[in-house]
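First up is the structure itself, then whatever we jot down about it.
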Amino acid sequence: MDVVSGVSEHASLIDALIARLAPDWPLDRMPAVDRAVLRLAVYELSQRPDVPTAVILDEAVELAKRYSTEESGRFVNGVLAAAARELRG
Numbered sequence: 003m004d005v006v007s008g009v010s011e012h013a014s015l016i017d018a019l020i021a022r023l024a025p026d027w028p029l030d031r032m033p034a035v036d037r038a039v040l041r042l043a044v045y046e047l048s049q050r051p052d053v054p055t056a057v058i059l060d061e062a063v064e065l066a067k068r069y070s071t072e073e074s075g076r077f078v079n080g081v082l083a084a085a086a087r088e089l090r091g
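Numbering (my numbering), first residue to last: 3 to 91.
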């Protein structure tokens, strides 16, 4: 299964986790790039144990910094760090 179909298949669980970890930012109010990056990274954290946690977080933060807002790198990093602790210990 590729990442895109995996995100689609697990969308409700992924979105519920993101919403819980970022309660001040409803998904529909997040920048679209942040939302997409978070969904991809949470999918990898939860379903792809072969991908190292540090790689997932680093790539997601870099994408957010490059293609989204000035604050997006910190925001994505914070949400994913919490997700990684919960999903991977």
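Quick reminder that beta carbons are idealized off the backbone N, C-alpha and C, glycines included.
What is the DSSP secondary structure of aspartate 36, counted as helix, strand or coil?
Residue state for aspartate 36 is assigned as helix, using DSSP reduced to three classes.
Indicate whether the contact test is met: 3 or more Cβ pairs, each with one atom in the segment 50 to 57 and one in the segment 15 to 29, closer than 8 angstroms.
Taking 8 angstroms as the limit for Cβ pairs, the verdict is that the segment 15 to 29 does not touch the segment 50 to 57.
Using the three-state DSSP reduction, which class does threonine 71 fall into: helix, strand or coil?
Residue state, collapsed to three classes: coil.
Supposed contact pair tyrosine 45 and isoleucine 20 - C-beta distance, whole angstroms, cut 8 angstroms:
About 11 angstroms separates the two Cβ atoms, so there is no contact after all.
Measuring alpha carbon to alpha carbon, tell me which residue in Ala38, Arg22, Leu23 and Pro33 is nearest valine 6.
With distances taken between Cα atoms, valine 6 lies closest to Ala38.
Assigned secondary structure, glycine 91 (DSSP; H/G/I helix, E/B strand, else coil):
In the structure shown, glycine 91 sits in coil (DSSP, three-state: anything other than H, G, I, E or B).
Taking aspartate 36 and serine 10 to be in contact with their CB atoms under 8 angstroms, please state how far apart those CB atoms are, rounded to whole angstroms.
Not quite, the Cβ-Cβ distance comes to about 18 angstroms (not below 8 angstroms), so this is no contact.
Can you tell me whether aspartate 17 is helix, strand or coil according to DSSP?
helix
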